[in-house]
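**Student:** Numbering that gives the first Met the number 0 applies: residue 0 is where the sequence shown begins, and numbers increase by one.
Backbone N, C-alpha and C define an ideal beta-carbon position, used for all residues, glycine too.
A quick note: this is a predicted structure, and the numbers were derived from the prediction, not measured.
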Amino acid sequence: MINLNTGLNLRKPYESHYNAYRRFLIANRFQNQKTLTSELKRRFSHIPQQQAYKFLNRIVPTPNLRSCAPLAELLEREVCDKANIPYVEPKQLGRSHKFRNCPECARRCYHCYLYELPWLSKCPLHKVDLIEKCPDCNQSWPKLGELKRTRCLTCGTHLYLKNLRESGSLEKLRDTSSFKFIERAIHDYTGMDNGTTLSSEAAVNYLDSHSSIGIFDPYFPAIMSELGREYKDGFQSLDVALPKTIMKRFEILQKVKIKRTPFTYSNASKLEIRISVHERICQAAELKFGINPSKPINRFLDLGERISSLENLLKTTYKIWLSIVCECRKSNNGKAQHYGSEYFYCANVENMPLTPCIMDGIYFFEYKEYKIPGNINEMVIYATPESIQKWLYESDLWKIFRTLLFYLDSLNYVLQKHGNTCEIFRYIPQDSTPYSWNRNSYAFLQLSQNEGVCIIPENIGKISFDDIELYTVK
Ligand SMILES: [Zn+2]
Ligand SMILES: [Zn+2]
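#1: What are the start and end residues of each continuous alpha helix (DSSP H) run of 4 or more residues lying completely inside the segment 271-341, in chain order?
#2: Output the distance between the C-alpha atoms of Cys453 and Gly227, rounded to the nearest integer angstrom.
#3: Measure from the alpha carbon of Asp174 to the alpha carbon of each residue in Pro12, Leu404, Cys67 and Lys398, then state which is nearest.
#4: Return helix, strand or coil for Leu9, following the three-state DSSP convention.
#5: Closer than 6 Å from C-beta to any heavy atom of ligand 1: which residues, in chain order?
#6: Compare the C-beta of Ser308 against all C-beta atoms of chain B and say whether one is closer than 8 Å.
#7: Can the beta-carbon of Cys209 be found closer than 8 Å to that of Met358?
#8: I need the straight-line Cα distance from Met246 to Gln445, nearest angstrom please.
#9: Consult DSSP for Asp207 and reduce its assignment to one of helix, strand or coil.
#10: If you measure from the CB of Thr153, is any heavy atom of ligand 3 nearer than 7 Å?
#11: Over the uninterrupted beta strand (DSSP E) stretch that includes Tyr362, give me the two end residues.
#12: Do Trp390 and Ile462 come within 8 Å of each other at the CB atom, strictly closer than that value?
#13: In angstroms, rounded to a whole number, what distance separates the CA positions of Asn331 and Ile130?
#14: Checking 8 Å against the spacing of the C-beta atoms, do Asn18 and Tyr109 come in under that value?
#15: Over what stretch of residues does the beta strand (DSSP E) that includes Lys247 continue unbroken?
#16: Please state whether DSSP places Asp216 in a helix, a strand or coil.
#17: Following the continuous beta strand (DSSP E) through Phe424, name the residue where it begins and the one where it ends.
#18: Do you know offhand how far Ala26's Cα is from Asp408's?
#19: With contact counted as at least three CB pairs below 8 Å, one residue from each stretch, are the segment 234-251 and the segment 143-153 in contact?
#20: What would DSSP say about Tyr149, mapped onto helix, strand or coil?
#21: Tell me which same chain residues have a C-beta within less than 7 Å of the C-beta of His157, skipping the five on either side of it?
#22: Which whole-angstrom value is the C-beta distance of Lys133 and Cys101, which I expect to be below 8 Å?
#23: Contact between the segment 306-319 and the segment 224-244: three or more CB pairs below 8 Å?
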């Protein structure tokens, strides 16, 4: 039997599960991993491992099933209960992103679970970038199972309390106002009645919808800022980028109860909108670059050449765009049908953007009022006014163009560098990566009384190349 130290004295507010285990290892730095593991297992042998996990949720990064992190936390909880110290559960947001930390925080044995939010790029405490690698040993931040083996004083567990004190004041870590603000913004947002626009085809294809954005979406801070001055100030003080947004209010004219059957309202004409968006894209490109993207490339060029100059890049983007937006939505599950699918295969990208459709209905979760027990299929759909249908459809068309342009531009950059085409992911802007293509996660919808509100970022709601910066230049 050995004495285990919980590392409670190193605990700081808002810490992640990852950090809770790291400080446990630091506190027991003289024990080897095997001894620690078997001692923890011995003490908690009466608790099945799964139950420990159930209590503690998942652990970042990459859960190592043999790791004793959950047991270390059980130990801490037990110690707190015995000593009558309030137990504070470490947290994690639950979506495994690339694991990032602030080097200054790491040196002080700290990692906040809010660092998982992809739009948070700087540490609120030290104002330095949240990064994926430890700057001192140049390795990715160690995973749970690697912590004990890592000798680095910044990211490992061979730290001494003396080092922690010398590496700067711990006081800063106790200033939690920015973390409080982020938590509150998330809490406020998740408490709102957010709507989802649906197309008539939504009953057969769940992708035919625009769900209001979530907290992980890059536009979350910008949209919150539109909803209240205090959010804007808060996010700005954290150096979070806030792209401009456009807000439209509309009247709710009609509601219809449906039972899983497709519904039809008067629809804006897809073809007319596509033609007008095509014209506006061409005009905007002429204005910014002096190039008309709809003019075909007349010579035969290989794949690389077709994206290697700005002119060819725009023309190839246009051609793929046209192929995607004009396809019948149901027939495009396979990318082989689209022009240019080779560009996706070569970088191991599984899918292409889906053909957008008209969002003619809005659905809000109004269980209290409308949900009839035993009849879960019945819901109330509000008709989206034609002006909003048109606006969202235009935005989808333009978003696909932007997305393709950023994608091909990044691919060209990687090819020019003679890199591996899979590296493309490192260069595409966050809101245009393949993960975001078919999620439509940029709009926000809310309903109050009979009025609806729709907010989308300006760079998607307005056709313009002004904010587009490319690697490929003239
Ligand atoms: Zn920091
Ligand atoms: Zn390191």
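**Tutor:** The structure says:
#1: Runs found: 309-325.
#2: Your numbering for residue 453 matches position 454 in the sequence shown. Your numbering for residue 227 matches position 228 in the sequence shown. Linking Cys453 to Gly227 through their CA atoms gives a straight-line distance of about 15 Å.
#3: Against the sequence shown, residue 174 aligns to sequence position 175. Checked all of Pro12, Leu404, Cys67 and Lys398; the closest Cα to Asp174 is Pro12.
#4: In the sequence shown, the residue the question calls residue 9 occupies position 10. Judged by DSSP in its simplified three-state form, Leu9 adopts helix.
#5: Close to ligand 1, as judged by a C-beta nearer than 6 Å to any of its heavy atoms, are the residues Cys101, Glu103, Cys104, Cys122, Leu124 and His125, in chain order.
#6: As a matter of chain content, chain B is missing from the structure shown, which is built from one protein chain.
#7: Translated into positions along the sequence shown, residue 209 becomes position 210. Translated into positions along the sequence shown, residue 358 becomes position 359. In the sequence as presented, Cys is not what sits at residue 209; that position holds His. Taking 8 Å as the Cβ cut-off, His209 and Met358 qualify as a contacting pair.
#8: On the sequence shown, residue 246 is found 247 positions in, with the first residue counted as 1. On the sequence shown, residue 445 is found 446 positions in, with the first residue counted as 1. Met246 and Gln445 have their C-alpha atoms some 11 Å from each other.
#9: Counting from one through the sequence shown, the residue named residue 207 turns up at place 208. In the structure shown, Asp207 sits in coil (DSSP, three-state: anything other than H, G, I, E or B).
#10: As far as ligands go, the structure on display features ligand 1 and ligand 2 and does not contain ligand 3.
#11: Sequence index remark: in the sequence shown, residue 362 carries index 363 (1-based). In this chain, the beta strand (DSSP E) harbouring Tyr362 covers Gly360 to Tyr362.
#12: In the sequence shown, the residue the question calls residue 462 occupies position 463. In the sequence shown, the residue the question calls residue 390 occupies position 391. Contact flag unset, no.
#13: Your numbering for residue 331 matches position 332 in the sequence shown. Your numbering for residue 130 matches position 131 in the sequence shown. Legend: pLDDT at Asn331 = 46, less than 50; position of this residue unreliable, value from coordinates given subsequently. Between the alpha carbons of Asn331 and Ile130 lies a gap of roughly 37 Å.
#14: Start at 1 with the first residue of the sequence shown, and residue 18 comes out as number 19. Start at 1 with the first residue of the sequence shown, and residue 109 comes out as number 110. Their beta carbons are under 8 Å apart, which means Asn18 touches Tyr109 by this criterion.
#15: Within the sequence shown, numbered from 1, the residue matching residue 247 stands at position 248. Residues Thr244 to Glu250.
#16: On the sequence shown, residue 216 is found 217 positions in, with the first residue counted as 1. Coil at Asp216, not helix or strand.
#17: Within the sequence shown, the letter at position 425 stands for residue 424. Neither: Phe424 is in no beta strand (DSSP E) and is coded neither H nor E.
#18: The sequence position of residue 26 within the sequence shown is 27, counting from 1. The sequence position of residue 408 within the sequence shown is 409, counting from 1. Rounded to the nearest whole angstrom, the CA to CA distance from Ala26 to Asp408 is 49 Å.
#19: Short answer: they don't touch.
#20: In the sequence shown, the residue the question calls residue 149 occupies position 150. Note on identity: in this sequence residue 149 is Thr, with Tyr being the wrong assignment. If DSSP states are grouped into helix, strand and coil, Thr149 belongs with coil.
#21: The residue you call residue 157 lines up with position 158 of the sequence shown. Taking C-beta separations shorter than 7 Å and ignoring five residues to either side along the sequence, the partners of His157 in its chain run Arg28 and Arg150, following chain order.
#22: Residue numbering aside, residue 133 sits at position 134 when the sequence shown is read from its first letter. Residue numbering aside, residue 101 sits at position 102 when the sequence shown is read from its first letter. It is worth fixing the name first, because residue 133 is Cys in this sequence and not Lys. No, Cys133 and Cys101 are not in contact; Cβ-Cβ is about 11 Å, not under 8 Å.
#23: They do not touch, by the three-pair rule.
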